[in-house]
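Numbering (our numbering), first residue to last: 36 to 485. Below: the structure, in structure tokens.
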Ligand SMILES: [Zn+2]
């Protein structure tokens, strides 16, 4: 894991955060593509409650949460010995030991995007509570009535799972994270609460492999519309790098342990870089800031508000690589945080040294220049890292979705990962056109109003 305000360049070193060396991880590449159980078979097995229960009790693995009172260590939990664990509907009211516990990091909030889908992006933190190795085969999103409204399985699931211990299966007491992007058609009603049904395979050291299901990870959903904001930049060919939503990339997977709590500040963050007339990122030596034509672009306040935090005094980094030794304090470089109301804070990072035009306490108006685009902090090339969050701390907050009032899309980059090498950008002309009041998606090429 690393603090991530860097651009998607693939040139990522480890990062020291508050004295703790956090190994670089996960742009999705260390998620496993290996599933140990056939999903369909696992799903069927999970519905065969009595069999699953019997094998779980004998195996020393944890049982189906609806059908057994055996404990994860194989001993009889004896929670209610008077109740027959097999079958009856009243079992739903039992207190049962489950092999998995999941929580949603923060209440999710939906946002309408330019693909005419409502995206509900959030993070599931799940712990293997069994004394058996676990693989996750299926994650279903359940509506308030318990009916599945979405599912992740196969390669999609493996692309969304982050194995913290960097392995294919989850050992006892180990955590894994699932980066969800539940979508609904534009206009659909988003449920006010959701939960999740996990289908997992348990492999004890001694004993039979079993499959089971667990319902966990219940959360309410903040169904209010995402905030509407103006553009943070002017002009054409701005690339949405590290944007939402699926597969989860370096912004979304930057779930950070800060002040004793996990946060996902960059859930909806965008790193804006701009293509030049040749449709390349830079023209000239990669390590010269002047090679990037957009270096020094005006950064605009996206809304009226009050400046609540700034950082100044950090020098420019040399483009082309991340400098070692970035810390939590320096990751954002020179930055501005503006309270834009209703619990929303806009964050603008990596600004040029000496370019900030505002101080803490200043009132700003939408469109006002806050400073200039730079390359300070944890950055390997000039860019604006922009996000909206639910508190003033760039790390100790959770990301909130936002919609831009107006932009045009001229296509989606198909070689984003390569453009830091100086190659010409290639475009897939899907979802082109003018858009209002929606969120752009990852790798889209935007024009903002002048
Ligand atoms: Zn960033």
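Note that CB positions come from ideal geometry on N, CA and C, so glycine has one too.
Query	Result
Quick one, which of 152, 336 and 325 has its alpha-carbon nearest residue 353's?	325
Any heavy atom of ligand 1 closer than 8 Å to the beta-carbon of residue 415?	no
Are at least three pairs of beta-carbons, each pair with one atom in the region 259 to 273 and one in the region 301 to 321, less than 8 Å apart?	yes
Should residue 361 be counted as a contact of ligand 1 given a C-beta to heavy atom distance under 8 Å?	no
Looking at ligand 1, does it come within less than 8 Å of residue 477, judged from the CB to the closest heavy atom?	no
I'd like to know if the region 338 to 354 and the region 282 to 301 are in contact, where contact means that at least 3 CB-CB pairs between them fall below 8 Å.	no
Quick check for students: name the residue ranges of the alpha helix (DSSP H) that lie wholly in the region 185 to 243, counting only runs of 4 or more.	189 to 195
Answer yes or no: do residue 458 and residue 148 have a C-beta to C-beta separation smaller than 9 Å?	no
Given a cut-off of 9 Å, decide if residue 281 and residue 216 are closer than it, judged by their beta-carbon atoms.	yes
Along the chain, where does the beta strand (DSSP E) containing residue 169 start, and where does it finish?	168 to 177
Just to confirm, are residue 214 and residue 156 a CB contact at a threshold of 9 Å?	yes
With 16 other CB atoms within 10 Å as the buried threshold, where does residue 483 fall?	buried
Going by DSSP in three states, residue 362 sits in which element: helix, strand or coil?	coil
Please report how far the alpha carbon of residue 360 lies from the alpha carbon of residue 185, in whole angstroms.	42 Å
Apply the 10 Å Cβ neighbour rule to residue 302 and answer buried if 16 or more other Cβ atoms are within range, or exposed otherwise.	buried
Measure the Cβ-Cβ separation of residue 479 and residue 448 and say whether it is below 9 Å.	yes
Cα separation between residue 446 and residue 240?	51 Å
Taking buried to mean at least 16 other C-beta atoms within 10 Å of its own C-beta, is residue 212 buried or exposed?	buried
Can you tell which of 273, 329 and 377 has the C-alpha that lies nearest to the C-alpha of residue 426?	377
Residue 178 to residue 249, Cα distance in whole Å?	15 Å
Which of helix, strand or coil does DSSP assign to residue 447?	strand
Let's test the definition: count the other Cβ atoms within 10 Å of the Cβ of residue 389 and tell me whether it reaches 16, buried, or not, exposed.	exposed
I'd like to confirm the pairing. Which residues does DSSP put opposite residue 438 in its beta bridges?	263
Just checking residue 231 against ligand 1 - is the residue's beta carbon closer than 8 Å to any of the ligand's heavy atoms?	no
Round the Cβ separation of residue 230 and residue 255 to the nearest angstrom and send it over; I've been treating them as touching at under 8 Å.	So it is not a contact: roughly 10 Å between Cβ atoms.
Going by DSSP, what residue range makes up the beta strand (DSSP E) through residue 376?	369 to 376
The beta strand (DSSP E) spanning residue 390 covers which residue range?	Neither: residue 390 is in no beta strand (DSSP E) and is coded neither H nor E.
Just to confirm, are residue 398 and residue 342 a CB contact at a threshold of 9 Å?	yes
I'd like to know if the region 406 to 415 and the region 329 to 339 are in contact, where contact means that at least 3 CB-CB pairs between them fall below 8 Å.	yes
Just the C-alpha distance for residue 221 and residue 244, rounded to the nearest angstrom, thanks.	42 Å
How many angstroms separate the CA atom of residue 416 from the CA atom of residue 357?	8 Å
Considering only the beta carbon of each residue, do residue 384 and residue 420 sit closer than 9 Å?	yes
How long is the line joining the alpha carbons of residue 418 and residue 224, rounded to whole angstroms?	36 Å
Using a Cβ-Cβ cut-off of 8 Å (strictly less than) and excluding sequence neighbours within five positions of residue 475, which residues of its own chain qualify?	148, 149, 275, 278, 305, 439, 442, 444 and 481
Tell me the residue span of the beta strand (DSSP E) that contains residue 306.	305 to 309
When we look at the beta-carbon of residue 313 and count the other beta-carbons within 10 Å, is it buried (16 or more) or exposed?	exposed
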